[in-house]
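J.:
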Amino acid sequence: MYKGIKRLLDVVLSLSLIVVLSPLYIVLYVLVVCKLGKPAIFKQERPGYKGKIFTMYKFRSMTDEKDANGNVLSDEERLTPFGKRLRSTSLDELPELFNILKGDMSFVGPRPLLVSYLELYNEEQMRRHDVRPGLTGLAQANGRNAISWQEKFAYDVYYVDHISFIMDVKVCLKTIKVVFQKDGISASEHVTMEPFRGNE
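Residues 0 to 199 (numbering that gives the first Met the number 0) make up the sequence shown, in order.
1) Could you check if D54 is buried or exposed, using at least 16 other CB atoms within 10 Å of its CB as the buried criterion?
2) Please tell me whether A39 and Y28 are closer than 7 Å, where the distance is taken between their beta carbons.
3) Tell me the rounded alpha-carbon separation between V107 and G133.
4) In three-state DSSP terms, what is T54?
5) Using a Cβ distance threshold of 8 Å, determine whether the stretch 105-125 contacts the stretch 79-86, with at least three qualifying pairs required.
6) What does the alpha-carbon distance come out to for the pair A153 and I52?
7) Which residues mark the beginning and the end of the alpha helix (DSSP H) in which V10 is found?
8) Quick check on the burial criterion: 16 or more other C-beta atoms within 10 angstroms. Buried or exposed for F179?
Below, the structure is given as structure tokens:
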């Protein structure tokens, strides 16, 4: 029953936030264009509910810098101080409110990962796609990028099995705390999170 109410809450809250935050969207758009160039919106295909592919929107946080041979530089080299601030405050995620409004995502659920990871999941890990992906999730509220992939997937599947209104409220409140404390922004040896390379 909650899943139907959850979708209604997603629509009402995302539309309300888009309207209220519209001045912030404009400011961030201008800042991204000035500091990182166009396009200001980063688009990337991600797997959603039942593995269906959708286009996710984020504010751009990296430059398009290339080396002398025309190869794109590493994430560490392309992530500017401004981009780091966008990520640490999660302001780069604001355009995902439009994904929530469209029904691609929810406020809470497993974070949408790369399409290329689909073929690397085992059967248990694939269960993370039994609900809509989220703007935040249980893994983000419990370590963000500082925990291992196995821990992330364990949190994702736990959420799928225990989804509830109380769970969503707790995840949102804990996420706010994590963002303000800027915990778990990066993995120990990576600017964000090391790539998932499959299960041993």
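For each residue, glycine too, the CB sits at the ideal point set by N, CA and C.
Since this is a predicted model, take the numbers as computed values, not measurements.
T.: Short version:
1) According to the sequence as given, residue 54 is Thr; it is not Asp. Counting Cβ neighbours within 10 Å, T54 comes out exposed, since fewer than 16 surround it.
2) yes
3) 4 Å
4) strand
5) no
6) The alpha-carbon atoms of A153 and I52 are separated by roughly 22 Å.
7) Y1 to V19
8) If you draw a 10 Å sphere on the C-beta of F179, you find fewer than 16 other C-beta atoms in it, and that means exposed.
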